[in-house]
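Engineer: Residue numbers (the UniProt record's numbering): 1 to 218. Each residue gets a CB set at the ideal place from its N, CA and C atoms; glycine is no exception. Okay, here's the structure, questions in a sec.
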């Protein structure tokens, strides 16, 4: 219990910094980390309701096995759910960022990014849910807690947070979603995942070659 809060703070802090570097934004990583916290909170709530309070114990066949959640489970869950949640976040928002950087408006970028990333997130989430759900009927209470917790976490994070809340918030924020302080932009390294610098270089090369072509044609 003493290690849970520092561990969670470390995970969330590193996620915020890395996403800030990649997306050159303050609000996008803030939204991503808050969404992760919401997913992990909802998952712990479901685990407590079932395995501590005994909800649906008869349906799951765990009568007599309820009473507490295994102490190491929160740390175990945070690590796995964090990795999956950030994967889904990057799949979706990278496409939105690419479209915005290359000239699309905020709403068009959200639509295009969602259209390109949603199928990948859906397929990846369904695969992980199918894998984790296999542990629910293992018989052992600890294995069941892992299987049910991870299945619900992936379901909630992928389809509620990433596929519903993220596009809605991005659309509401508009171009403000990509706001980044100029002083911070100068301090942190530029991770050009969208190819913005390459696009600018190609445009400059094209412009510089046009006078030469005109001169030769004359």
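Is it true that the CB of residue 163 sits closer than 8 Å to the CB of residue 131?
Structural biologist: Working through the chain shown from its first residue, we reach residue 131 at position 131. Working through the chain shown from its first residue, we reach residue 163 at position 163. Cβ atoms of residue 131 and residue 163: not closer than 8 Å.
Engineer: Tell me, please, whether the CB atom of residue 99 is closer than 8 Å to any CB atom in chain D?
Structural biologist: Annotation note: the requested chain D is absent from the structure, which comprises a single protein chain.
Engineer: Count the CB pairs spanning the stretch 19–32 and the stretch 174–183 that are closer than 8 Å, and state whether there are at least three.
Structural biologist: Result yes; three or more Cβ-Cβ pairs closer than 8 Å.
Engineer: Cα separation between residue 3 and residue 169?
Structural biologist: By 1-based counting over the chain shown, the position of residue 3 is 3. By 1-based counting over the chain shown, the position of residue 169 is 169. Cα to Cα, residue 3 sits roughly 32 Å from residue 169.
Engineer: Is residue 116 near residue 69, with beta carbons less than 8 Å apart?
Structural biologist: Along the chain shown, read from residue 1 onward, the residue named residue 116 stands at position 116. Along the chain shown, read from residue 1 onward, the residue named residue 69 stands at position 69. It is not a contact, given that the beta carbons lie outside the stated cut-off.
Engineer: Identify, in the order they occur along the chain, each residue of the same chain with its Cβ nearer than 7 Å to the Cβ of residue 33, setting aside the five sequence neighbours on each side.
Structural biologist: For the purposes of this step, residue 33 is identified with residue 33 of the chain shown, where counting begins at 1. Closer than 7 Å at the Cβ level, and outside the excluded window around residue 33, lie 12, 15, 16.
Engineer: For residue 68, which of helix, strand or coil comes out of DSSP?
Structural biologist: For the purposes of this step, residue 68 is taken as residue 68 along the chain shown, with counting starting at 1. The answer is coil: DSSP assigns residue 68 none of H, G, I, E or B.
Engineer: Should residue 188 be labelled buried (16 or more other beta-carbon atoms within 10 Å of its own) or exposed?
Structural biologist: Here residue 188 is taken as the residue at index 188 of the chain shown, counted from 1. Residue 188 comes out exposed.
Engineer: Are residue 123 and residue 158 close, meaning C-beta to C-beta below 8 Å?
Structural biologist: Here residue 123 refers to the residue found at position 123 of the chain shown. Here residue 158 refers to the residue found at position 158 of the chain shown. It is not a contact, given that the beta carbons lie outside the stated cut-off.
Engineer: Straight-line CA distance for residue 90 to residue 140?
Structural biologist: Here residue 90 refers to the residue found at position 90 of the chain shown. Here residue 140 refers to the residue found at position 140 of the chain shown. C-alpha separation (whole angstroms): 35 Å.
Engineer: Indicate whether the contact test is met: 3 or more Cβ pairs, each with one atom in the stretch 43–51 and one in the stretch 149–156, closer than 8 Å.
Structural biologist: Output reads yes: the stretch 149–156 touches the stretch 43–51.
Engineer: Can you tell which of 51, 94, 161, 97 has the C-alpha that lies nearest to the C-alpha of residue 81?
Structural biologist: For the purposes of this step, residue 81 is taken as the residue at position 81 of the chain shown. Measuring from the Cα of residue 81, the nearest candidate turns out to be 161.
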